[in-house]
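Trainee:
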Amino acid sequence: MKVFQKMNLIMKLHRSFRTVVILLTTFCLVSIVISAYYLYTGYKQEMTLTETTGEAECEGLKLLPYRSMELKTAKPMDPSNTDPIVLLFVDSQYSQLGQDIIAILESSRFQYHMVIAPGKGDIPPLTDSGKGKYMLVIYENILKYVSMDSWNIELLEKYCVEYSVSIIGFHKANENSSPSIKLKGFPLDLYNNVALKDCFVNSQSPLLHITKAPRVEKGPLPGEDWTVFLFNHSTYQPVLLTELQTSRSFPTSLPKAPLYATVIQDLGLHDGIQRVLFGNNLTFWLHKLIFIDAISFLTGKKLALSLDRYILVDIDDIFVGKEGTRMNIQDVKVSQELGMASQINDSNHKYIWREIEKDQRSFQTIPVHLSVPQAGPCLCYQRPRQTLVDPIPCQRLNQPQHLQSQTRNWNSNQHSTAIAPHLQPHRQRVPASQNWEEAAKQPYPKGSARA
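Every letter in the sequence shown is one number past the one before it in UniProt numbering, and letter 102, counting from 1, is 102.
Written out as structure tokens, the structure reads:
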């Protein structure tokens, strides 16, 4: 009887153990299924987030480490209550960067007023009868701007805020520059004498006009005296980004980053003044384009260059040049075979020719039409050597586009590049009211082809 009871107890325990095992197995399987479900859905969400972030980074041209900051939009500038004049502060009258800035301003025909940057002296008057005298302020050395006394800084910044005037600044490092500089009054760090490579233009920059993005310049940048900007404020946005040449020496305090900014734009969120800062001079060609675009953007397109370009090619020297460089009969035949058409007479253009020399030698006139797509004909005239011939346009029908551009831009009715007095820059130009015959009798200026 006792044996039977023991066997019955063992059977009950066996059944209970088997039930517990089945329950545990079922619980484990259910847990595995639930865990797999959540793991799968979480992985899918992570993949979607990764793909979205990757696309955003591609669209933003991998602007790390700057992508962690919110992208802001610059406020459109409207300096309508100012004269279209640039106030230029230079270190000295003969500084190279100052001369490069002046060359760009003059070639773009932007009026400017050059002033030696004051150390502790007063800045020139900024207003006249309640109107701003300057539309833009340019500093050849941005350190001269931040090192001015508090009175002048307050005066200049108050003027910029009140009249919507912006500032462009440059910083050119040298062998005596400190490895790193904290720009006084700004949440901005400068690291000097850095060698860079592989730069490209930020396509999200709002100031781009002539410069194309993303324009990539492969290879090392010229020089090892570049300055890069590091910042931690949403008011700054990189315009030109580069990589570091790790094989060259660089400041040990420079934080590691995939990309560094050499040109930045201050959107004015810090103090209400928009600025564009360059980490080098204008030797690098992309800096020149961005500098012109910065002038255009910061002046509200008041000082801007048109995207239309006219190219006037002067080929008369191939007829009157020295021996060995002139065109001969064989050259003309080859030119005709390549698509250059020449004609003896042109019914749309009639010119009266005048010889200045006394020998009254005869000469030949050959109008040449260049087959240029979407362009008007280009007229060139053959004349004997050492003979000054002035074309007098007495009738213009269907005037070529390049001659229209020359007439409109230079305010000149003469289309011969040999007549130097008529094609001088604006400050040396013969007044339109002056008779061209009287101007032709005047002596040629020094440095001209006929002087």
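In this text, a Cβ means the ideal position worked out from N, Cα and C, and glycines have one as well.
Rounded to the nearest angstrom, what separates residue 284 and residue 201 at their Cα positions?
Mentor: The straight-line gap from Cα to Cα measures roughly 13 Å.
Trainee: Please report the residue range of the beta strand (DSSP E) in which residue 293 lies.
Mentor: Unbroken run through residue 293 is the alpha helix (DSSP H), 285-298; no beta strand (DSSP E).
Trainee: Pick helix, strand or coil for residue 114, following the three-state DSSP scheme.
Mentor: Looking at residue 114 - three-state DSSP - the assignment turns out to be strand.
Trainee: What span of residues does the alpha helix (DSSP H) with residue 157 cover, start to end?
Mentor: 150-163 is the span of the alpha helix (DSSP H), which, as asked, contains residue 157.
Trainee: Tell me the rounded alpha-carbon separation between residue 183 and residue 152.
Mentor: Roughly 17 Å separates the two Cα atoms.
Trainee: Please report the straight-line C-alpha distance between residue 130 and residue 145, rounded to a whole angstrom.
Mentor: So the two alpha carbons sit approximately 24 Å from each other.
Trainee: Could you pull the start and end residues of the beta strand (DSSP E) that residue 107 belongs to?
Mentor: No beta strand (DSSP E) contains residue 107, which is instead part of the alpha helix (DSSP H) from 96-107.
Trainee: Excluding the five sequence neighbours on either side, which residues of its own chain have a C-beta within less than 8 Å of the C-beta of residue 281, listed in chain order?
Mentor: Around residue 281: 96, 97, 100, 170, 172 and 287.
Trainee: Quick one: what does DSSP say residue 147 is sitting in, helix, strand or coil?
Mentor: DSSP places residue 147 in coil when its eight states are reduced to three.
Trainee: How many angstroms separate the CA atom of residue 88 from the CA atom of residue 175?
Mentor: Between residue 88 and residue 175, the C-alpha separation is close to 25 Å.
Trainee: Taking the continuous alpha helix (DSSP H) assigned at residue 329, which residues delimit it?
Mentor: Here the alpha helix (DSSP H) through residue 329 covers 329-337.
Trainee: Would you say residue 135 and residue 242 are within 7 Å of each other, going by their C-beta atoms?
Mentor: Cβ atoms of residue 135 and residue 242: not closer than 7 Å.
Trainee: Going by alpha carbons, who is nearest to residue 277 out of 230, 212 and 158?
Mentor: It is 230 whose Cα lies nearest to the Cα of residue 277.
Trainee: Return yes when the Cβ of residue 240 is within less than 7 Å of the Cβ of residue 262, no when it is not.
Mentor: The answer is yes: Cβ separation under 7 Å.
Trainee: By the DSSP assignment, the beta strand (DSSP E) with residue 260 in it spans what residues?
Mentor: Element bounds for residue 260: 260-266.
Trainee: Which residue's Cα is closest to the Cα of residue 78: 254, 103, 125 and 163?
Mentor: Taking only the C-alpha atoms, the option nearest residue 78 is 163.
Trainee: If we count the other Cβ atoms within 10 Å of its Cβ and call it buried at 16 or more, is residue 148 buried or exposed?
Mentor: Classification of residue 148: buried, given that the 10 Å Cβ count is 16 or more.
Trainee: Could you check whether residue 208 and residue 271 sit closer than 7 Å to each other, using their CB atoms as the reference points?
Mentor: Cβ atoms of residue 271 and residue 208: not closer than 7 Å.
Trainee: State the start and end residues of the unbroken beta strand (DSSP E) segment that holds residue 189.
Mentor: Segment 188-194, the beta strand (DSSP E) holding residue 189.
Trainee: Checking 7 Å against the spacing of the C-beta atoms, do residue 460 and residue 187 come in under that value?
Mentor: Outside the modelled stretch of the chain, which goes from 1 to 451, sits residue 460, for which no answer is possible.
Trainee: Compute the Euclidean distance between the alpha carbons of residue 180 and residue 166, then round it to the nearest angstrom.
Mentor: Their Cα atoms are separated by approximately 26 Å.
Trainee: State the Cα-Cα distance for the pair residue 221 and residue 119, rounded to the nearest angstrom.
Mentor: Computed Cα separation, rounded: 32 Å.
Trainee: Count the other CB atoms within 10 Å of the CB of residue 14; is the residue buried (16 or more) or exposed (fewer)?
Mentor: Label assigned to residue 14: exposed.
Trainee: How many whole angstroms separate the CB atoms of residue 205 and residue 245, which I take to be in contact at a CB cut-off of 8 Å?
Mentor: Not confirmed; about 24 Å, so no contact.
Trainee: When DSSP builds the beta bridges, which residues end up paired with residue 89?
Mentor: BP columns for residue 89 point to 115 and 139.
Trainee: Any idea which residues DSSP pairs residue 243 with across the strands?
Mentor: The partner list for residue 243 (beta bridge, DSSP) reads 197.
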